[in-house]
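The sequence shown runs 179 to 270 under the numbering used here. Think of the CB as a built atom: it goes at the ideal place given N, C-alpha and C, for glycine as much as any other residue. Take a look at the structure below.
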Amino acid sequence: MIATARIIMPKSRIRLSAGRKYLSNETQMLCLLSGANSIFYGDSLLTTKNNDMERDKELIKQFKQINKSNSKELINKYLIIFTDKIASTVNY
């Protein structure tokens with residue numbers, strides 16, 4: 179969804195907002211890597227609670243690490259963690 183929005187609207191701001199607290203850091207990282215370019219940061223978004231500030235600081239720290247390294251290994255690490263989490267929730 180994020181990548182599709184980025185392709186369709188290349189100059190738009192694509193933000194992660196309400197419901198972000200239900201996403202793992204790995205999922206949010208993939209959203210940022212696939213085209214989202216900002217997050218709503220702080221205690222609340224209108225009537226919806228956001229992540230606590232410590233969790234957001236950790237997310238930003240992790241993203242800076244990937245951004246500085248420009249390493250496929252780190253990106254693959256998050257993809258593996260993400261796909262493992264999805265696989266563990268699927269009931270066959």
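Judged by their CB atoms, Asn-203 and Leu-237 are nearer to each other than the 8 Å cut-off. Where Thr-182 is concerned, the enclosing alpha helix (DSSP H) starts and stops at 180-186.
Taking C-beta atoms as the reference points, Lys-189 and Lys-227 fail to come closer than 8 Å.
Distance between Gln-243 and Asn-215, taken at the CA atoms: about 16 Å. The continuous stretches of alpha helix (DSSP H) do not include Leu-201, and DSSP gives it neither H nor E.
Between Arg-184 and the set Cys-209, Gly-197 and Ser-195, the nearest pair of CA atoms involves Cys-209.
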